[in-house]
Amino acid sequence: MVTIDTTKGTITLELYPEDAPKTVENFMTLAKKGFYNGIVFHRVIPGFMVQTGDPTGTGTGGPGYAFADEISPKRRHDGPGVLSMANAGPNTNGSQFFITLKATPWLDGRHTVFGRVVKGQDVVEAIVAAPRDANDTPKTTISMLTVTVSD
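Per the working numbering, residue 57 is the first one in the sequence shown, and the count goes up by one each step.
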């Protein structure tokens with residue numbers, strides 16, 4: 057389990073290491089290093105998703121490396137609370153991820169699903185409800201305070 061304490065509340069995640077082992081290992085390693093602490097939600101789109109994990113806060117940053125997609129036919133963007141990697145095309149995963157607000161089947165086969173929200177989807181809804189600018193960036197800073205991995 058992973059706990060994301062945000063400025064809007066707490067989100068608890070279940071990860072899928074059996075379906076996306078490299079992705080889960082990468083996410084947990086970054087979380088344990090404190091990489092995600094203080095990073096903003098830089099893109100929030102009502103009826104779609106909230107995105108974070110970019111240390112620059114612009115949507116173009118990452119950890120300094122990329123890794124391959126891990127697409128599992130049994131893991132789909134089939135409803136709210138799906139945890140998935142953001143990318144700039146095939147095999148460009150790094151540190152950015154998003155949480156869905158509804159089913160987004162057009163993302164299946166294009167983004168690695170590696171977990172789901174088990175508690176705190178209301179917090180995701182609160183994040184996306186914030187006023188945003190023309191680039192879908194919240195007008196007031198919403199950030200991950202800490203990301204904690206528990207065994």
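Using N, Cα and C, we set each Cβ at its ideal position, and we do this for glycine too.
Item: Within this structure, are the beta carbons of Val203 and Ala87 separated by less than 8 Å?; Value: yes
Item: Out of Pro102, Glu81 and Leu139, state which residue places its alpha-carbon closest to the alpha-carbon of Phe123.; Value: Glu81
Item: If you draw a straight line from the C-alpha of Val174 to the C-alpha of Ser199, how long is it?; Value: 20 Å
Item: Roughly how many angstroms lie between the CA atoms of Asp59 and Leu157, to the nearest whole one?; Value: One detail in the question is off: residue 59 reads as Thr in this sequence, not Asp. Using only the alpha carbons, I get a separation of about 18 Å.
Item: Whose CA, out of Ser206, Val205 and Thr197, lies closest to the CA of Lys64?; Value: Thr197
Item: Measuring CB to CB, does Ser140 end up less than 8 Å from Phe170?; Value: yes
Item: Between the alpha carbons of Lys89 and Gly117, how many angstroms are there, rounded?; Value: 17 Å
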